[in-house]
Amino acid sequence: MNEFITVIEGLTELFQELIQIEQTKLEAAKKNRITHVEDCMNKEQAAILKLRGLERKRELCQEKMGFEGCTFQEILSKTTGSEHDMLKNMFNTLTDHVRLFQDINDSARTMIEVNLHMINKAINNSQNGTTPDNKLWGGQI
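Under the numbering used here, the first residue of the sequence shown is numbered 1424, with each subsequent residue one higher.
Shown next as structure tokens:
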């Protein structure tokens, strides 16, 4: 069980890190700092590799404990006492972190899509002989 707890703690810490990366990416996208967005995406890729490793460890730990293929809720239903309470708190914290990450990720994705749409619009305007709005992107285009 200790190894499983360590993996859950690792997943929680990783999602805390991913939340920070996503927040930085969102701010960079809002300010149209493309190189900062790219840096964040590179950090995300490294974190995703780490996530895959932790997920594999979690699956192996669950197998060893007889919880193969079980969801966190199913694991909770099979535990009692202080172990149950501790796991419930850990699962709730991890779930909250995952949801926050997803929310920020969705916002960053939307901001990047809006920026790309505006860039495409500016390119189309320049190809059609119209001048782009200098207010677009703070006159940076």
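Glycine residues also receive a C-beta, built at the ideal position from the N, C-alpha and C atoms.
Taking C-alpha atoms, which residue in the options lies nearest to residue i?
i, options, result
"Leu1474", "Phe1438, Ser1530, Cys1463", "Phe1438"
"Asp1462", "Gly1433, Thr1447, Ile1471", "Thr1447"
"Ile1418", "Ala1531, Ile1546, Asn1551, Thr1503", "There is simply no residue 1418 to check, as the chain begins at 1424 and stops at 1564 in what is shown."
"Gln1496", "Gly1504, Val1521, Lys1511, Lys1487", "Lys1511"
"Glu1432", "Val1460, Gln1443, Met1464, Leu1477", "Leu1477"
"Ile1444", "Ile1428, Gln1550, Glu1491, Ile1527", "Ile1527"
Would you kindly report the start and end of the unbroken alpha helix (DSSP H) that includes residue i?
i, result
"Glu1426", "1425-1453"
"Asn1543", "1504-1550"
"Phe1495", "1495-1500"
"Gly1476", "1457-1488"
If residue i and residue j are in contact, beta carbons under 8 Å, what's the gap, nearest whole angstrom?
i, j, result
"Leu1434", "Leu1517", "6 Å"
"Val1460", "Ala1469", "Not quite, the Cβ-Cβ distance comes to about 15 Å (not below 8 Å), so this is no contact."
"Glu1426", "Cys1484", "5 Å"
"Arg1481", "Val1430", "5 Å"
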